[in-house]
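Numbering (our numbering), first residue to last: 60 to 273.
So this is what it looks like as structure tokens:
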């Protein structure tokens with residue numbers, strides 16, 4: 060149960076969110092009437108069977124939906140209505156204030172780029188870190204997420220890492236810009252049971268240390 064006195068305004072507030080996809084004259088309801096609040100440092104779980112709209116709900120928070128999506132309702136992040144925010148504001152929030160970890164890192168990581176390059180691109184884009192500063196920050200992030208021998212992994216490509224290591228790299232990328240909110244979309248689905256437990260423990264530890272909403 061929440062201690063009401065402990066929390067102020069939520070950092071993310073969703074009200075009556077509905078999402079439908081229109082294609083070929085057909086309208087498919089993916090999300091209907093979802094409402095919730097997320098406080099700073101709080102963990103919120105959206106539970107449902109496959110295809111129930113969990114991922115669509117998560118992606119709706121920063122409008123990462125295809126053009127044929129019809130969205131109604133309200134998504135407010137720190138006072139900004141995300142459903143009507145302009146492109147500049149959305150770019151500032153995506154991957155910076157709100158970061159994502161997806162189910163399968165092999166579809167999110169670029170197979171042609173090294174781990175150092177992929178994390179470095181995010182650091183350069185959002186924080187202006189390049190060169191030695193970016194390399195040092197990348198090494199720090201890999202260490203924080205429990206990558207063994209992180210110096211040796213900087214030049215590795217995704218296919219050279221295990222599934223658990225790839226997911227740790229995705230977590231490092233998501234944390235690179237110190238987000239307010241970390242959205243984990245079934246991040247352990249493709250991993251074996253032992254690695255699943257390790258990743259979930261890691262996420263919980265990082266959340267407590269950083270005070271993120273998740």
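Glycine included, each C-beta is placed from N, C-alpha and C at the ideal position.
Whole beta strand (DSSP E) elements within the segment 109–163, 3-residue minimum:
128–136, 157–160
Residues in its own chain within less than 8 Å of residue 206 by CB, not counting five upstream and five downstream?
212, 224, 227, 228, 231
Within 9 Å, strictly: CB atoms of residue 134 and residue 112:
Result no, Cβ atoms of residue 134 and residue 112 do not sit closer than 9 Å.
Contacts around residue 158, its chain only, beta-carbon distance under 6 Å, and the 5 residues preceding and following it disregarded
233, 238, 241
As an exercise, report each continuous alpha helix (DSSP H) stretch of at least 4 residues that is fully enclosed by the segment 152–227, in chain order.
164–167, 174–186, 190–203, 209–212
Do you know offhand how far residue 235's Cα is from residue 254's?
One C-alpha to the other measures close to 22 Å.
Residue from 178, 168, 180, 71 with nearest C-alpha to residue 136
71
What span of residues does the beta strand (DSSP E) with residue 98 cover, start to end?
Run containing residue 98: none; DSSP gives neither H nor E here.
Residue 155 and residue 80 look like a contact to me (Cβ under 8 Å); what is the Cβ gap, rounded to whole Å?
With 8 Å as the limit, residue 155 and residue 80 do not qualify as a contact, their Cβ atoms being about 27 Å apart.
Look at residue 75 and residue 143 and say whether their C-beta atoms are less than 9 Å apart.
No. Outside cutoff.
Does the Cβ-Cβ distance between residue 243 and residue 160 come in under 9 Å?
yes
Taking Cβ to Cβ, would you say residue 249 is nearer than 9 Å to residue 214?
no
Residue 81 - partner residues in DSSP beta bridges:
Per DSSP, 86.
List the endpoints of the continuous beta strand (DSSP E) containing residue 105.
No beta strand (DSSP E) contains residue 105, which DSSP labels as neither H nor E.
Drop a sphere of 10 angstroms on the beta-carbon of residue 101, count the other beta-carbons inside from all chains shown, and report buried for 16 or more, exposed for fewer.
By the neighbour-count definition (other C-beta atoms within 10 Å, threshold 16), residue 101 is a buried residue.
In this structure, how does DSSP classify residue 70 when only helix, strand and coil are distinguished?
coil
Residue 121 to residue 141, Cα distance in whole Å?
6 Å
Secondary structure at residue 75, three-state DSSP: helix, strand or coil?
It is a strand residue.
Within the same chain, show all residues whose beta-carbon is closer than 6 Å to that of residue 245, passing over the 5 residues directly before and after it, in chain order.
162
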